[in-house]
């Protein structure tokens, strides 16, 4: 039995109408900051930091309950999708067990 689970969510968002990095940051940063406050998560802007029209957001959490990890990441993905004026073009959730492999 696993000691716990690490869950990672990666989401790519695109906004082809954005013309500058400053404008993109103004769209992405508030969503990332509100996500950190609303959920027990670690959130980071991972890729596309120098591109003005897309970005990859990473979210991570840890718990001893697989269902809680899965549900929390799903709620975070839904929150990101509805909170910003951008399109979510890809989303990936990975949940990894921690501890010895007894099986």
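Numbering (the numbering used here), first residue to last: 14 to 116. Cβ atoms here follow ideal geometry from the backbone N, Cα and C, with glycine treated the same way. In this text, all values refer to a predicted model and were calculated from it rather than measured experimentally.
Contact belief for residue i with residue j at Cβ below 8 Å, rounded distance in angstroms
i: residue 97; j: residue 56; result: Not really, about 13 Å apart at Cβ, beyond 8 Å.
i: residue 27; j: residue 102; result: 5 Å
i: residue 17; j: residue 75; result: 6 Å
Residue nearest to residue i in terms of C-alpha spacing, selected from the options
i: residue 83; options: 102, 64, 67 and 109; result: 109
i: residue 32; options: 113, 67, 17 and 102; result: 67
i: residue 6; options: 18, 112 and 48; result: The requested residue 6 is not part of the displayed model; the chain covers only 14 to 116.
i: residue 86; options: 24, 15, 17 and 42; result: 24
i: residue 65; options: 99, 89, 19 and 52; result: 99
i: residue 63; options: 19, 34, 105 and 42; result: 34
i: residue 38; options: 69, 52 and 22; result: 69
Residue i CB to nearest heavy atom of the ligand HEM below 7 Å
i: residue 53; result: By its list of ligands, the structure shown contains no ligand whatsoever, and the ligand HEM lies outside what it can speak to.
Contact check, residue i vs residue j, beta carbons under 8 Å
i: residue 80; j: residue 15; result: no
i: residue 22; j: residue 89; result: yes
* Asked: Pairing CB atoms from the segment 76–96 with CB atoms from the segment 59–67, are three or more of them under 8 Å?
  -> no
* Asked: Whole beta strand (DSSP E) runs in the segment 45–116 with 3 or more residues, listed along the chain?
  -> 55–60, 67–76 and 100–111
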